[in-house]
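2 protein chains.
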Amino acid sequence: MIKNHDPKSHAWAVLLTAHATLIGKIEAALAEAKLPPLDWYDVLWELEKAEDGKLRMHELARRIVLSRSNLTRLADRLENARLIERRDTLHDRRGYHCVITRAGLAMRRKMWPVYKTEIERLFSKHISADEARTIGEALARAVKTAREH
Amino acid sequence: MIKNHDPKSHAWAVLLTAHATLIGKIEAALAEAKLPPLDWYDVLWELEKAEDGKLRMHELARRIVLSRSNLTRLADRLENARLIERRDTLHDRRGYHCVITRAGLAMRRKMWPVYKTEIERLFSKHISADEARTIGEALARAVKTAREH
DNA sequence: CGTAGATAGTTGCAAATGCAACGATATGCT
DNA sequence: AGCATATCGTTGCATTTGCAACTATCTACG
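Chains as they are written, first to last, in the working numbering: chain A, -13 to 135; chain B, -13 to 135.
In structure tokens:
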């Protein structure tokens, strides 16, 4: 099979359509299961992984790759749903800690099987472990340098 | 370096952050250059590639992975900017052809160098041709099967 | 033919997003 | 100490998105 595209542009193009297609399916599966959108999962999971289940707003925004103002409102929604709380920080009165609640932990746990099933069905099933390693390493390099500056 | 993540979940996670990070930078570069957002590029490019520079709405939506209703409004914006036109189809009075205009071709050509530079700077520069092939093939497989059903 | 159901595309409305501006606090420099 | 500057997070506003409902047309089938 002959491709008249250079492999890098092709990879980029496919990355975009893969992202759009798979995210669409995953959001649909979550909605179908009456669960919140993927955004919420990301927040909950980052908090759960973090020391003491808490992070500063700006740090959380950085980790889930979201603008600050958008995180403010995403956090509002999660706080309304009692899945996280905002607590004053001790040493910087400008900011807050986002803290995951017990209900937040439970929700994350409830979302995971649905999410996981979709990742496997749509993604993992179709790629080998070697390919996965290649993808992970290559993209991690790109992200790393994109972030540095 | 030891990872305690399986390579596939890791690849998925990195894919998401890479997408978010790089798209953010690319949109910023386009805005900086006073050019329209990436969406517009996708529409223009699909039309330009298509036979006679035209496609049915639903086909265009499918190719750029966008819901129909969102395409309706994206097309409205492009039509207002005179970059595309909607023309009645001969054989199906329900639908239209989206046709790229001369100005649309020019705009696509104007956006490309900016887009291309960013793809290279943020993506291509950091991956080898082999890695690119692996990424392209693996993700294409995933997209293909995700679309089939 | 005529009707039932599918398909094309648009629209209304509620929710989410992006951007710039803002108040508050922290930091650095003289 | 005192002032300029940077950072933290939020807010207002205009734009974009997502979903369901809707009109119009097409297709299939009795």
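Glycine is no exception: its CB is placed at the ideal position from the N, C-alpha and C atoms. Since the model is a prediction, treat every value here as computed from it, not as a measurement.
query, result
"DSSP three-state assignment for B/His83, whether helix, strand or coil", "strand"
"C-beta atoms of B/Ile12 and B/Leu2 nearer than 8 angstroms", "no"
"Per-residue burial, A/Gly39 [other beta carbons within 10 Å of its own, 16 or more giving buried]", "buried"
"Meets three-Cβ-pair contact criterion under 8 angstroms: the stretch 93 to 101 of chain A and the stretch 55 to 63 of chain A", "no"
"Closer than 9 angstroms at the beta carbon, the chain B residues around A/Pro22", "The contacting residues do not exist; A/Pro22 stays about 17 angstroms from chain B at best."
"Buried or exposed (CB count within 10 angstroms, at least 16 for buried), B/Glu32", "buried"
"Member of B/Asn66, B/Arg68, B/Val85 whose CA lies at the smallest distance from the CA of B/Asp74", "B/Val85"
"Sheet register partners of A/Asp74 (DSSP bridge)", "A/Tyr82"
"Nearest neighbour of B/Arg48, chosen from A/Ala6, A/Ser110, A/Glu106, A/Thr120 [CA to CA]", "A/Ala6"
"Chain A residues whose Cβ lies nearer than 9 angstroms to that of B/Leu46", "Near B/Leu46 there are no residues of chain A at all, since even the closest Cβ is about 14 angstroms away, more than 9 angstroms."
"Residue-level contact to chain B via CB, A/Arg133, 8 angstroms cutoff", "yes"
"Heavy atom of the ligand GDP within 7 angstroms of A/Lys40 beta-carbon", "The ligand GDP is not among the ligands present in this structure, which contains no ligands whatsoever."
"Whether A/Leu108 touches B/Ala126 by CB criterion (8 angstroms)", "no"
"Cβ-based burial, A/Glu104 [other Cβ within 10 Å; buried from 16]", "buried"
"Cross-chain neighbours of B/Thr103 in chain A, by beta carbon under 9 angstroms", "Within chain A, no residue comes near B/Thr103; the closest Cβ sits about 13 angstroms away, beyond 9 angstroms."
"Extent of the continuous beta strand (DSSP E) run through B/Arg49", "Run containing B/Arg49: none in the beta strand (DSSP E); it sits in the alpha helix (DSSP H), 43 to 50."
"Exposed unless 16 or more other CB atoms sit within 10 angstroms - verdict on B/Asp149", "There is simply no residue 149 of chain B to check, as chain B begins at -13 and stops at 135 in what is shown."
"Chain B contacts made by the stretch 2 to 17 of chain A, where a contact means CB separation under 9 angstroms", "Leu2, Thr3, Ala4, His5, Ala6, Thr7, Leu8, Ile9, Gly10, Lys11"
"Any C-beta of chain A under 8 angstroms from that of B/Trp98", "no"
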